[in-house]
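Numbering of the sequence shown is given in our numbering, commencing with residue 52 and proceeding in unit increments.
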Amino acid sequence: MSQIVGEAMLSRHIDAYVNVASEIRFLISQLGVGHIQSVTYETAWAARLSPLFPEFEASLEWLRQNQHTDGSWGSPLAQYHDRFLSTLAAIVALKEVGRHPRDARRVQRGEDALWRIVGKLSKDDSDTVGFPLLSAALTQQGAALGLDVPNPPVRFAKAYQKKVQMLLNAPDRQLRTNPLIYSLEGLLSALTPHDDVFEANHSVSISPSATAAFLLKYPETDNGAREYLQNVLAQNTDGGMSQFSPVDTYEVGWALNHLRLAGAITPNDPMVRKLLDFLYHQWSPEAGTTTSRYSLTYESDNTSAAFTLLKWGGYNVSGDVFYYYELDDHFCCYRGETNPSVSAMIRTLAALRFCEDHPDYQRWVGKIVDFLYKSDQNGSFWVDKWHSSPYYVTSIALNALRGIDDALARTRLKWVLRTQNDDGGWGYLGQSTPEETAYCLEALILWDRTMERLPATVIEDAARYLLRNTDFDQLVPLWIGKSLYTPTNIVKAAIWGALYAYESWKSS
Numbered sequence: 052m053s054q055i056v057g058e059a060m061l062s063r064h065i066d067a068y069v070n071v072a073s074e075i076r077f078l079i080s081q082l083g084v085g086h087i088q089s090v091t092y093e094t095a096w097a098a099r100l101s102p103l104f105p106e107f108e109a110s111l112e113w114l115r116q117n118q119h120t121d122g123s124w125g126s127p128l129a130q131y132h133d134r135f136l137s138t139l140a141a142i143v144a145l146k147e148v149g150r151h152p153r154d155a156r157r158v159q160r161g162e163d164a165l166w167r168i169v170g171k172l173s174k175d176d177s178d179t180v181g182f183p184l185l186s187a188a189l190t191q192q193g194a195a196l197g198l199d200v201p202n203p204p205v206r207f208a209k210a211y212q213k214k215v216q217m218l219l220n221a222p223d224r225q226l227r228t229n230p231l232i233y234s235l236e237g238l239l240s241a242l243t244p245h246d247d248v249f250e251a252n253h254s255v256s257i258s259p260s261a262t263a264a265f266l267l268k269y270p271e272t273d274n275g276a277r278e279y280l281q282n283v284l285a286q287n288t289d290g291g292m293s294q295f296s297p298v299d300t301y302e303v304g305w306a307l308n309h310l311r312l313a314g315a316i317t318p319n320d321p322m323v324r325k326l327l328d329f330l331y332h333q334w335s336p337e338a339g340t341t342t343s344r345y346s347l348t349y350e351s352d353n354t355s356a357a358f359t360l361l362k363w364g365g366y367n368v369s370g371d372v373f374y375y376y377e378l379d380d381h382f383c384c385y386r387g388e389t390n391p392s393v394s395a396m397i398r399t400l401a402a403l404r405f406c407e408d409h410p411d412y413q414r415w416v417g418k419i420v421d422f423l424y425k426s427d428q429n430g431s432f433w434v435d436k437w438h439s440s441p442y443y444v445t446s447i448a449l450n451a452l453r454g455i456d457d458a459l460a461r462t463r464l465k466w467v468l469r470t471q472n473d474d475g476g477w478g479y480l481g482q483s484t485p486e487e488t489a490y491c492l493e494a495l496i497l498w499d500r501t502m503e504r505l506p507a508t509v510i511e512d513a514a515r516y517l518l519r520n521t522d523f524d525q526l527v528p529l530w531i532g533k534s535l536y537t538p539t540n541i542v543k544a545a546i547w548g549a550l551y552a553y554e555s556w557k558s559s
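Rendered as structure tokens:
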């Protein structure tokens, strides 16, 4: 009997392994498209174009269908900056162009929600991108429409104002290379129709909201912007708009890194090699890479992800690229940023493992580790400006720090082990999510393999949670842009990669 049971368990294990591997193969074939779920903030800006271009009536209807029961819009799990800006953008759009009999009631409920949310903004660990600029601009627009909305308190207001003034007062405004262009809709009052803002794909910094805002103010300048927005609308199929599009470099680099860590891919696989060639084609020896081939803002997050993969794939790239991001006491994510990113720093640390022979390797590692200690406010985890969950940055840290500062890594390991939920998953905003659970499972299996054995029940329970929750239509937005969003294929790669690593761990 025991032999029969053992054979049945082995058969199920093989079936699961084959299924996960098949899903990974299909996912790899889809990388580079850059699919991101629809979000309220971007959709609201497109909806305001509906009187000019009727196809964006679909965006207006999307807003009507996605208001929460409390009157707000935004991610299902409350991050208050996301809820505030999403709700504000939605009611401005509905007030300005909404003609449905119930739109007035939707707007009123949204106003009420804003007054409830504004007092909770300080509870968030981080703002959304461009919040000081975007919230101020939308609040002014709302007031001009007769809306009764609160003025939100903002962090880094003076630093943000200084950046804006430096850009606008420059004799030769280099808008397209300045990170502020991503939030161009907050600068509309200072722009002219002659400003150079469009990329080769006719977007403003791959941002649907920035593109829609410029087109709304200067429709006569349309030289493909409407077509760009139509393409984003068609890709999403639900009337909504993505946080940004396309995100080819970002998607390829981050998804492949999850699969690489899981041992699910090799660089000589033709499908993988094609994607690595794409990354290498986008590579700048001086500054690395960007979020998209249509973006001009170089940043260390995508550079570190691409550098790791290109080194792994045998390409000739130099660690000298990190000089571009080095500052006195840390590495920036992008030049001119208001506040540093812990996750970008840790991702850089992980990338430095692939250039240990670089003459500045030890100095760079020391600089990053010193910064991590200075940023450690609770002894258990870090928070970050690009993701609403500390489990995201913690999972990267467990891999990056092992063998470099095991003591610091173990404090993060303890926090992960002690905070697993009864359902086997992890979640920072009130409930377990597949994404956060995948990050934790990926990190724990890697630690178990390379450092020390961990309680098997923790890993088993996490894997069971993931296997029960692979409905990718229900992914919860956790990434921080102008609002919370989900880079779908990157999250899929994390989930399938973690399950692949689990199947390998189980058979070892």
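Backbone N, C-alpha and C define an ideal beta-carbon position, used for all residues, glycine too.
Member of the options whose CA lies at the smallest distance from the CA of residue i
i	options	result
Thr539	Leu78, Asn70, Val71, Ser73	Leu78
Ala144	His119, Ala264, Asp163	Ala264
Gly197	Gln159, Val372, Val323	Gln159
Arg76	Thr348, Leu497, Lys362, Ile316	Ile316
Ile397	Trp466, Trp556, Val84, Lys418	Lys418
Val434	Asp457, Leu480, His409, Gln413	Leu480
Asp499	Asp524, Lys325, Ser555	Ser555
Val71	Ala313, Asp133, Met502, Pro105	Ala313
Gly299	Ile531, Trp530, Leu82	A quick correction: the sequence has Asp, not Gly, at residue 299. Taking only the C-alpha atoms, the option nearest Asp299 is Leu82.
Ile496	Gly454, Ala552, Arg519	Ala552
Ala109	His86, Val148, Asp133	Val148
Ala241	Leu517, Asn252, Gln216, Ser534	Gln216
Where the alpha helix (DSSP H) through residue i begins and ends
i	result
Leu403	393 to 403
Met322	321 to 333
Phe432	First-last for Phe432: undefined, no H or E at that position.
Arg386	Here Arg386 belongs to no alpha helix (DSSP H), and DSSP marks it neither H nor E.
Asn287	276 to 287
Gly161	154 to 168
Asn308	299 to 313
Glu487	485 to 501
Arg99	Looking at the DSSP string, Arg99 is not in any alpha helix (DSSP H), and its letter there is neither H nor E.
Glu112	108 to 116
Glu147	131 to 148
Ser351	351 to 363
Sequence-distant residues of the same chain with beta carbon closer than 6 angstroms to residue i, five excluded per side
i	result
Tyr233	Ser256, Ser258
His309	Ala544, Ala545, Gly548
Ala494	Ser446, Leu449
Ala338	Tyr349, Tyr375
Thr484	Gly478, Val527
Leu139	Leu189
Ser355	Arg398, Thr399, Ala402
Gly364	Pro318, Leu327
Assigned secondary structure, residue i (DSSP; H/G/I helix, E/B strand, else coil)
i	result
Phe249	coil
Ser62	Residue confidence is low: Ser62 scores 43 on pLDDT, short of 50, so the model does not pin down where it sits. Its coordinate-derived value is still stated next. In the structure shown, Ser62 sits in a helix (DSSP, three-state: H, G or I).
Ile510	helix
Ser258	strand
Pro538	strand
Met292	strand
Gly339	strand
Gln54	Its pLDDT being 43, under 50, Gln54 is placed unreliably by the model, and nothing is read from it.
Tyr412	helix
Trp530	strand
Ser73	helix
Ile79	helix
Ile316	coil
Val90	strand
Glu377	strand
Own chain partners of residue i with C-beta closer than 7 angstroms, once the 5 adjacent residues on each side are dropped
i	result
Thr462	Gly430, Ser431
Met60	Caution is warranted here: a pLDDT of 41 is assigned to Met60, below 50, making its placement in the model unreliable, and the coordinate value is therefore given only provisionally. Closer than 7 angstroms at Cβ, skipping near neighbours: no residue.
Leu266	Leu100, Asp273, Ala276, Arg277
Leu27	There is no way to answer for residue 27, as the model of the chain reaches only from 52 to 559.
Pro201	Leu165, Trp166, Val169
Same chain only: Cβ atoms within 8 angstroms of residue i, ignoring 5 sequence neighbours per side
i	result
Gln471	Trp477, Cys491, Val509, Asp512, Ala513
Ile541	Tyr301, Glu302, Trp305, Ala306, His309
Asp352	Cys384, Ser392, Ser394, Ala395, Arg398, Trp437
Val56	For Val56, the pLDDT reaches just 40, beneath the cut-off of 50, and the residue's location in the model is therefore unreliable, although a value from the coordinates is still provided. The answer is none, since no qualifying residue turns up.
*At what residue ranges does the segment 444 to 481 contain a whole run of the alpha helix (DSSP H), taking only runs of 4 or more?*
457 to 469
_Please give me, in chain order, every unbroken run of the alpha helix (DSSP H) with length at least 4 that falls completely inside the segment 181 to 251._
Whole alpha helix (DSSP H) segments, 4+ residues: 182 to 195, 208 to 220.
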